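Below: one structure, written as C-alpha cells.
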Amino acid sequence: MRAPVWHKLSGANQQSNRQDGSIAAIGIDLVEISRVENFLRRYDRDTLTLIFASKELDASQLDPTPAKYLALCFASKEALGKALGTGLAEIHWFEISSRLNSLGRLSANLSGSARQKADELGWQHWEMSWLSWQNHLLVCAIAYQSTTSNDS
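In the working numbering, the protein residues as written are 5 to 156.
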C-alpha cells in the first residue's frame with residue numbers, strides 16, 4: 005500500500021507574499037469519494053449547481069475521474085467554510101469555486117458573501133493543500149492576513 009502524498013500549497017488571490025502575513029485561520033475536511041459518486045448518480049446538473057459552481061462541474065467532465073475532482077471541490081468548500089468560521093451556513097456552496105490545475109495544484113476563488121466574510125476577516129490570500137488516500141480526500145485550507153501596518 006502506498007502512503008498518501010501531500011500536494012504542495014498553492015494559493016489564490018495572492019496580494020502579498022506568505023512571509024508578509026500571519027496565519028489567520030486553518031480549515032480541514034475529509035470526504036469520501038464514493039459520497040460524491042452518489043451525488044452524481046442521484047442528482048441532475050441543475051441540482052448539483054446548488055453545491056458546485058458551473059466551472060467546477062464543467063472541469064470535472066474533462067477530468068479522468070469526475071467524482072474525485074468534485075470530491076476535491078466539495079472538501080475545499082468545507083475546509084474554507086471552516087476557516088471562515090461560518091461553516092457553510094452563512095455562505096452559499098457555489099460561492100467557493102475550486103480548481104485543480106494540470107500540476108495537481110488546488111486553488112479556490114471566493115465570491116459573494118464568502119468573499120465578503122474573507123475581506124471582513126482581513127484575509128490577504130489563502131493556500132490549499134490536499135491528499136488522496138484510498139476512497140478519501142483530505143483538504144487543508146490556510147488563510148493569511150497581512151501583518152504590515154498602514155499607519156504613518
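Virtual Cβ for every residue (Gly too), placed ideally from N, Cα, C. Every value quoted in this text rests on a predicted model; they were computed, and no experiment measured them.
Pair within 7 Å by beta-carbon distance, residue i and residue j
{"i": "G126", "j": "L84", "result": "no"}
{"i": "A71", "j": "I37", "result": "yes"}
{"i": "V143", "j": "A79", "result": "yes"}
{"i": "E82", "j": "D33", "result": "yes"}
{"i": "L141", "j": "V35", "result": "yes"}
{"i": "A29", "j": "A147", "result": "yes"}
{"i": "S115", "j": "E131", "result": "no"}
Boundaries of the alpha helix (DSSP H) in which residue i is found, first to last residue
{"i": "R119", "result": "G116 to E124"}
{"i": "T69", "result": "First-last for T69: undefined, no H or E at that position."}
{"i": "F43", "result": "I37 to R46"}
{"i": "T51", "result": "R49 to L52"}
Identity of the residues DSSP links to residue i by a beta bridge
{"i": "G85", "result": "Partner(s): none; G85 has no beta bridge."}
{"i": "C144", "result": "I32 and S133"}
{"i": "R103", "result": "S111"}
Span of the beta strand (DSSP E) around residue i
{"i": "R109", "result": "Segment: none, R109 is in no beta strand (DSSP E) and carries neither H nor E."}
{"i": "L61", "result": "Unbroken run through L61 is the alpha helix (DSSP H), S58 to L66; no beta strand (DSSP E)."}
{"i": "E131", "result": "W127 to W137"}
inquiry  = Quick test of the definition: if touching needs 3 or more C-beta pairs under 8 Å, does the stretch 33 to 50 touch the stretch 101 to 114?
reply    = The count of Cβ pairs closer than 8 Å, one atom from the stretch 33 to 50 and one from the stretch 101 to 114, stays below three, leaving the stretches out of contact.
request  = Determine contact between the stretch 116 to 130 and the stretch 94 to 102, defined as no fewer than three beta-carbon pairs at a distance below 8 Å.
outcome  = Segments in contact, yes.
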